[in-house]
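S.K.:
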Amino acid sequence: MSSLRNGVMQVRNIMTSAARQSGIPGGLPASSLPFSVKNRYALTVGFILFFGSGLAAPFWLVRHQLLKK
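Oh and the sequence shown: position 31 is 31 in the working numbering, straight run, nothing missing.
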């Protein structure tokens with residue numbers, strides 16, 4: 001039983017040190033993102049534009065093909 005506990009503690013220590021050395025500046029998870037999450041309205045507009053353009057593109061392309069002569 002004690003060898004199992006020692007093994008669990010060793011794994012826990014390895015995982016804790018790996019998380020500490022992960023290279024996240026300041027330790028904040030959102031600090032490594034390529035966009036800001038501070039302004040939620042700007043983030044919402046950005047998400048709508050990004051995902052909306054990807055969802056609308058096939059419909060625009062089909063409409064373009066149908067309107068061509």
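The beta carbon of each residue, even a glycine, is placed where N, CA and C say it ideally should be.
1. Which class does Leu33 belong to by DSSP, given the choice of helix, strand or coil?
2. Determine the direct distance from the alpha carbon of Ser32 to that of Val11, and round the result to whole angstroms.
3. Taking the C-alpha atoms as reference points, what is the distance between Thr44 and Leu67?
4. Under the criterion of a Cβ to heavy atom distance below 7 angstroms, does Pro34 qualify as lining the ligand FAD?
5. Where Leu61 and Ala42 are concerned, what is the direct C-alpha to C-alpha distance, given to the nearest angstrom?
M.R.: On the basis of the coordinates in this document:
1. coil
2. 26 angstroms
3. 33 angstroms
4. With respect to small molecules bound, the structure shown includes none, and the ligand FAD cannot be examined in it.
5. 28 angstroms
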